[in-house]
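Under UniProt numbering, the first residue of the sequence shown carries the number 1, and numbering increases by one thereafter. A quick write-up on the structure given underneath.
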Amino acid sequence: NFVKCFIEDCGYTSVWDEFSEELENRFQLPKFPFLYVSDWLCRQKYGWSFKEASSLKQIKKSILPMLFIHGDADTFVPTHMVYSLYEAKPEPKELWVVPGVGHAISYKKNKEEYTCRVKAFVEKYIR
Numbered sequence: 001n002f003v004k005c006f007i008e009d010c011g012y013t014s015v016w017d018e019f020s021e022e023l024e025n026r027f028q029l030p031k032f033p034f035l036y037v038s039d040w041l042c043r044q045k046y047g048w049s050f051k052e053a054s055s056l057k058q059i060k061k062s063i064l065p066m067l068f069i070h071g072d073a074d075t076f077v078p079t080h081m082v083y084s085l086y087e088a089k090p091e092p093k094e095l096w097v098v099p100g101v102g103h104a105i106s107y108k109k110n111k112e113e114y115t116c117r118v119k120a121f122v123e124k125y126i127r
């Protein structure tokens, strides 16, 4: 087994949840009918549903160590999603919520601390 651990940075709980958040918060549109029609079209054209694309469901099966990283000012993938993922993931796991940081810029804004935390986590599992 070559994979020893994971770093999860800015992950969403599911496609359904992420699209719901975007519709409501970014576009001020209701989930119904937009999300439901889009989901139906996806099922018809591609054979899968937005609800099937769920990190939350999959992470419950993960036995490998995982470090979760998320900015507390993330407005694209809301910070509350990392808490759901973290709670669903069996041990071993660690969580770092980065203060004042938006989506996918934790490394850019905190290069030294990001590198130190990731390195320390990975070194526990890769020898």
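For each residue, glycine too, the CB sits at the ideal point set by N, CA and C. Computed from a predicted structure; not experimentally measured.
Check	Outcome
Closest residue to Pro90 among Ser62, Tyr83, Leu56, Lys109 (Cα-Cα distance)	Ser62
Selected residue, minimal CA-CA separation from Phe68, among Ser106, Gln28, Phe19	Ser106
Cβ distance (whole Å) where residue 129 is taken to contact Thr13 below 8 Å	With the chain running from 1 to 127 in the structure shown, residue 129 is simply not present.
Opposing strand residues paired with His70 [DSSP bridges]	Val97
Among Met81, Asp9, Asn1, nearest to residue 149 - alpha-carbon criterion	Not covered by the structure: residue 149. The range shown for the chain is 1 to 127.
Spatial neighbours of Pro78 in its chain, beta-carbon cut-off 6 Å, leaving aside the 5 residues before and after	Glu21
Strand pairing of Lys7, partner residues [DSSP]	With the sequence shown as reference, residue 7 is identified as Ile, and Lys is not the correct amino acid for it. Paired residues: Leu67.
For His103, the nearest candidate out of Lys57, Asp72, Pro30, Glu123 (CA to CA)	Asp72
Contacting residues, own chain, Cβ-Cβ under 7 Å from Asp74 (five flanking each side not counted)	Cys10, Gly102, His103
Beta bridge counterpart(s) of Ser14 as assigned by DSSP	Ser54
Cα-Cα separation, Lys124 to Pro99	25 Å
For Trp96 and Lys51, believed in contact at Cβ under 8 Å, the rounded distance	Not really, about 29 Å apart at Cβ, beyond 8 Å.
Simplified DSSP state of Ile59, which is helix, strand or coil	helix
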